[in-house]
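Written below as structure tokens is the structure these notes are about.
Residue numbers (the working numbering): 1028 to 1249.
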């Protein structure tokens, strides 16, 4: 089994009047979205229990997670990792200014288990390249190891410590730290807040010559 990735040649524009530049942009290619019934059926076959029993267990586990997560528990997900409540908030220099309105977002943080990260790290990646006309021009298979980011800024090679719900400089956002199943800890950085009328078609980032671009930028008269 390998992870599929598309590399498409796309015209990236950074302002309304920009001519743009053609870049090869990579993004994951999903095999399919599995239905719950298919997962239940496969789990029943592997466990030797009936689909009805497996469905009841699935529903019960979901109800427990929904009940406990809002209470602040870190909840284990069998074979996967854990999930818990997190937040992104502005920091202040005076305790009297601390209030709930400083919280910008509430989030559910999933921390994958070490075994799951290792599996992803060693899985081969197949990159299929499509030119600007949609024609396949190249296919590359790689088994190179890579850092695994769980989506909160943590990666398997990070040596930093968990800062919890730490705060950054005044006026900036701060994210909740996350802890992996293997005992190593690292802090996470909240996603930046983008103001103004600019919008993004996709969140794919392209790194070239030390510069950072975002795909599909459209200026709307800022």
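No residue lacks a Cβ here, since even glycine has one placed at the ideal position from N, Cα and C.
**Prompt:** Between the beta-carbon of residue 1292 and the beta-carbon of residue 1137, is there less than 8 Å?
**Reply:** Here the chain has residues from 1028 to 1249 only, and residue 1292 is not among them.
**Message:** Spatial neighbours of residue 1046 within its chain, please: C-beta separation below 7 Å, excluding the five flanking residues on both sides.
**Reply:** Within the chain shown, residue 1046 is the residue found at index 19, counting from 1. Nothing listed; no residue qualifies.
**Message:** residue 1152 and residue 1030 - do their beta-carbons sit closer together than 8 Å?
**Reply:** Taking the first residue of the chain shown as position 1, residue 1030 is located at position 3. Taking the first residue of the chain shown as position 1, residue 1152 is located at position 125. Yes, Cβ-Cβ distance for residue 1030 and residue 1152 is below 8 Å.
**Message:** Contact defined as beta carbons within less than 8 Å: I believe residue 1108 pairs with residue 1143. What is the distance between those atoms, to the nearest angstrom?
**Reply:** For the purposes of this step, residue 1108 is taken as residue 81 along the chain shown, with counting starting at 1. For the purposes of this step, residue 1143 is taken as residue 116 along the chain shown, with counting starting at 1. Correct: roughly 6 Å between the Cβ atoms.
**Request:** Find out if the Cβ-Cβ distance for the pair residue 1082, residue 1067 is shorter than 8 Å.
**Result:** Residue mapping note: residue 1082 aligns to position 55 of the chain shown, counting from 1. Residue mapping note: residue 1067 aligns to position 40 of the chain shown, counting from 1. Yes, the pair counts as a contact, with Cβ atoms nearer than the cut-off.
**Asked** So residue 1163 is in the alpha helix (DSSP H); what residue range does that whole segment cover?
**Response** By 1-based counting over the chain shown, the position of residue 1163 is 136. It is not in any alpha helix (DSSP H) - residue 1163 instead sits in the beta strand (DSSP E) that spans 1163-1169.
**C-alpha gap between residue 1102 and residue 1072, whole angstroms** = For the purposes of this step, residue 1102 is identified with residue 75 of the chain shown, where counting begins at 1. For the purposes of this step, residue 1072 is identified with residue 45 of the chain shown, where counting begins at 1. Those two C-alpha atoms are separated by around 26 Å.
**Request:** Enumerate in chain order the residues of its own chain whose CB-to-CB distance from residue 1209 is below 6 Å, with the five nearest sequence positions on each side excluded.
**Result:** Stepping through the chain shown from its first residue, residue 1209 is reached at position 182. Bear in mind that the predicted position of residue 1209 carries a pLDDT of just 40, short of 50, making it unreliable; the figure below should be weighed with that in mind. Around residue 1209: 1141.
**Asked** Would you say residue 1028 and residue 1154 are within 8 Å of each other, going by their C-beta atoms?
**Response** Translated into the one-based positions of the chain shown, residue 1028 becomes position 1. Translated into the one-based positions of the chain shown, residue 1154 becomes position 127. No, these two residues do not count as a Cβ contact at 8 Å.
**Asked** Does the beta-carbon distance from residue 1039 to residue 1048 come in below 8 Å?
**Response** For the purposes of this step, residue 1039 is identified with residue 12 of the chain shown, where counting begins at 1. For the purposes of this step, residue 1048 is identified with residue 21 of the chain shown, where counting begins at 1. Yes, the Cβ-Cβ distance between residue 1039 and residue 1048 is below 8 Å.
**Message:** One question on the structure: do residue 1131 and residue 1115 come within less than 8 Å of each other, judged by their Cβ atoms?
**Reply:** As a working mapping, residue 1131 is identified with position 104 in the chain shown. As a working mapping, residue 1115 is identified with position 88 in the chain shown. Yes, the Cβ-Cβ distance between residue 1131 and residue 1115 is below 8 Å.
**Exposure of residue 1162, with buried meaning 16 or more beta-carbon neighbours within 10 Å** = Position 135 of the chain shown, counted from the start, is the residue given in the question as residue 1162. The residue is exposed, with fewer than 16 neighbouring Cβ atoms inside 10 Å.
**Request:** Please name the residue in 1159, 1076 and 1145 whose C-alpha comes closest to that of residue 1171.
**Result:** To locate residue 1171, count along the chain shown from 1; it is residue 144. Out of 1159, 1076 and 1145, 1145 has the C-alpha closest to the C-alpha of residue 1171.
**Item:** N- and C-terminal bounds of the beta strand (DSSP E) containing residue 1033
**Value:** Residue 1033 sits at position 6 when you count from the first residue of the chain shown. From DSSP, the beta strand (DSSP E) with residue 1033 extends over 1029-1039.
**Asked** What three-state label does DSSP hand residue 1067 in the structure shown?
**Response** Your numbering for residue 1067 matches position 40 in the chain shown. Looking at residue 1067 - three-state DSSP - the assignment turns out to be helix.
**Asked** Smallest Cα separation from residue 1051: which of 1173, 1169 and 1160?
**Response** If you number the chain shown from 1, residue 1051 lands on position 24. It is 1160 whose Cα lies nearest to the Cα of residue 1051.
**Request:** Measure from the alpha carbon of residue 1174 to the alpha carbon of each residue in 1168, 1147 and 1166, then state which is nearest.
**Result:** Locating residue 1174 in the chain shown gives position 147, counting from the first residue. Answer by Cα proximity: 1147.
**Asked** Got a sec, what are the start and stop residues for the beta strand (DSSP E) residue 1152 sits in?
**Response** Translated into the one-based positions of the chain shown, residue 1152 becomes position 125. Per DSSP, residue 1152 belongs to the beta strand (DSSP E) from 1151-1157.
**Message:** With DSSP as the reference, identify every bridge partner of residue 1110, one or two as the case may be.
**Reply:** Along the chain shown, one-based indexing puts residue 1110 at 83. According to DSSP, residue 1110 bridges with 1102 and 1137.
**Request:** Give a yes or no on whether the C-beta atoms belonging to residue 1164 and residue 1158 are separated by under 8 Å.
**Result:** As a first step, residue 1164 is located in the chain shown; it is residue number 137 there, counting from the start. As a first step, residue 1158 is located in the chain shown; it is residue number 131 there, counting from the start. In this structure, residue 1158 lies closer than 8 Å to residue 1164 by Cβ.
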